[in-house]
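**Q** My structure is below; once you've seen it, I'll send some questions.
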Amino acid sequence: MAEASPDCLAIEITDLTHRYPEGGPGAKALRGVSLQLQQGEGLGLIGPNGAGKTTLLAYAAGALVSDAVRVFGEPVTRRSVARIRQRVGLVFQQPDDQLFLPTLADDVAFGPLNLGLAPDEVQIRVDEALAAVGLNASFRPRQPHRLSGGERRAAALATVLAMRPDVLALDEPTNDLDPRARRALITVLHKFPTRLVASHDLELILDLCQHCVLLDDGQVIRTGATRDLLANKELMEAHGLEVPLSIRLAR
Ligand SMILES: Nc1ncnc2c1ncn2[C@@H]1O[C@H](COP(=O)(O)OP(=O)(O)OP(=O)(O)O)[C@@H](O)[C@H]1O
Ligand SMILES: [Mg+2]
């Protein structure tokens, strides 16, 4: 691997534009987006429905390929993308997009097996990843599509943790979670300091992200310290969002 210098950015995106082929002429999901994620930092992606958050995460994690994206200094290209996907773990907005094998243990083992790891090492990773998301051994033989919504979300995260990525890219990670599961998730995520988090759960963004990027209509509207940005009532309301309750109460 072309090892990048330790002080380079985890993710750097420069002037990224994306148009979905089905979107019709002129419809761009991303329009000249730039952002930077430092190593050891949480960066939030916020914005109304359709703003482009999921599309941006797909690029950051190498699910879509553009050399406008650099991961640990390396441009994302067809040649580098397999390596990049190992370094940035993407947890999808819809867990069902991530779970497709007959049992949960198979799903969590899938990535590590593809890395060519020995079966013993794969089992260690499966156990570790399931434990990290609070799914005990009784879940191993369960059929993923028969889990509850919150269990499926935890399972999808486990498939990513088993790859031991350097960066977590999380798309609406608290959807479907009850308050206890949400709190447990936050505790787990604090162990993965370099993270990119797209969410409408702005309290989560406050908790996990030092900086955040406000997107609307495929464009970066503002980047800044999370608390300052989320406390800006005019800005938030102009883009379909609200100042989170914890900030309103603290006034
Ligand atoms: N596969 C697709 N084909 C065509 N257009 C798409 C596709 N996926 C997303 N889009 C469009 O791209 C734009 C950005 O979508 P995206 O899913 O990135 O937004 P988002 O910010 O994640 O929204 P949400 O908060 O609803 O999850 C939207 O206008 C959406 O309709
Ligand atoms: Mg989305």
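The numbering of the sequence shown is this note's numbering, which starts it at 110 and goes up by one. Glycine included, C-beta positions come from ideal geometry on N, C-alpha and C. Remember, predicted model here, so these are calculated numbers, not experimental data.
By how many angstroms is the C-alpha of A340 removed from the C-alpha of V352?
**A** Here residue 352 corresponds to residue number 243 of the sequence shown, with the count starting at 1. Here residue 340 corresponds to residue number 231 of the sequence shown, with the count starting at 1. The alpha-carbon atoms of V352 and A340 are separated by roughly 6 Å.
**Q** Does the stretch 135-155 touch the stretch 300-315, meaning 3 or more C-beta pairs lie closer than 8 Å?
**A** yes
**Q** When DSSP labels each residue in this structure, what does D206 get in the three-state scheme?
**A** The residue given as residue 206 occupies position 97 in the sequence shown. Note: D206 maps to helix in three-state DSSP.
**Q** Can you pull the DSSP bridge partners for P184?
**A** Stepping through the sequence shown from its first residue, residue 184 is reached at position 75. Answer by DSSP bridge pairing, in chain order: R179.
**Q** Count the other C-beta atoms from every protein chain shown that fall within 10 angstroms of the C-beta of L125, then say buried if there are 16 or more, exposed otherwise.
**A** By 1-based counting over the sequence shown, the position of residue 125 is 16. With 16 or more Cβ atoms within 10 Å of its Cβ, L125 is classed as buried.
**Q** Keeping to the same chain, check which residues put their C-beta closer than 7 Å to that of V297; ignore five residues upstream and five downstream.
**A** Within the sequence shown, numbered from 1, the residue matching residue 297 stands at position 188. Closer than 7 Å at the Cβ level, and outside the excluded window around V297, lie A241, V242.
**Q** Looking at C-alpha atoms only, which residue of V200, S175, L358 is the closest neighbour of L270?
**A** Your numbering for residue 270 matches position 161 in the sequence shown. Ranking the options by Cα distance to L270, first place goes to V200.
**Q** Report the CB separation of A138 from G327 in whole angstroms; it is logged as a contact under 8 Å.
**A** As a working note, residue 138 is residue 29 in the sequence shown. As a working note, residue 327 is residue 218 in the sequence shown. That belief holds up - the Cβ atoms of A138 and G327 are roughly 5 Å apart, short of 8 Å.
**Q** Where do the ends of the alpha helix (DSSP H) carrying G258 lie?
**A** What you label residue 258 is simply residue 149 of the sequence shown in a count that begins at 1. Taken as a continuous stretch (DSSP letters only), the alpha helix (DSSP H) holding G258 covers 258-270.
**Q** If you check the beta carbons only, do F248 and L222 fall under 8 Å apart?
**A** Locating residue 248 in the sequence shown gives position 139, where the first residue counts as 1. Locating residue 222 in the sequence shown gives position 113, where the first residue counts as 1. Result no, Cβ atoms of F248 and L222 do not sit closer than 8 Å.
**Q** Could you compute how far the alpha carbon of Y129 sits from the alpha carbon of S143?
**A** In the sequence shown, counting from the first residue as 1, residue 129 sits at position 20. In the sequence shown, counting from the first residue as 1, residue 143 sits at position 34. Going by the C-alpha atoms only, they are around 19 Å apart.
**Q** Can you confirm whether the stretch 190-198 touches the stretch 161-177 when touching is taken to mean that 3 or more C-beta pairs between the two stretches lie within less than 8 Å?
**A** Remark: three or more beta-carbon pairs, one from each stretch, lie closer than 8 Å, so the stretch 161-177 and the stretch 190-198 are flagged as touching.
**Q** On the DSSP bridge list, what partners appear for R304?
**A** The sequence position of residue 304 within the sequence shown is 195, counting from 1. According to DSSP, which records beta bridges pairwise, R304 is partnered with G151, L277.
**Q** Taking 7 Å as the limit between beta carbons, can you name the residues of its chain near R187, skipping five residues before and five after?
**A** Along the sequence shown, one-based indexing puts residue 187 at 78. Result list for R187: V174, in chain order.
**Q** Does the Cβ of E183 have 16 or more other Cβ atoms within 10 Å, making it buried, or fewer, making it exposed?
**A** Locating residue 183 in the sequence shown gives position 74, where the first residue counts as 1. Classification for E183: buried.
**Q** When you compare only the Cα positions, how much space is there between L286 and T123?
**A** By one-based count along the sequence shown, residue 286 stands at place 177. By one-based count along the sequence shown, residue 123 stands at place 14. The straight-line gap separating the alpha-carbon atoms of L286 and T123 is approximately 34 Å.
**Q** Roughly how many angstroms lie between the CA atoms of D361 and Q203, to the nearest whole one?
**A** Nothing about residue 361 can be reported from this structure: the residues present for the chain run from 110 to 360 only.
**Q** Among S189, R331, V190, S355, which residue has its Cα nearest to the Cα of A347?
**A** Within the sequence shown, residue 347 is the residue found at index 238, counting from 1. Checking every option, the nearest Cα to that of A347 belongs to R331.
**Q** Should G161 and L324 be called a contact, given that it needs their Cβ atoms to be closer than 8 Å?
**A** Mapped onto the sequence shown, residue 161 falls at position 52. Mapped onto the sequence shown, residue 324 falls at position 215. Closer than 8 Å, so yes.
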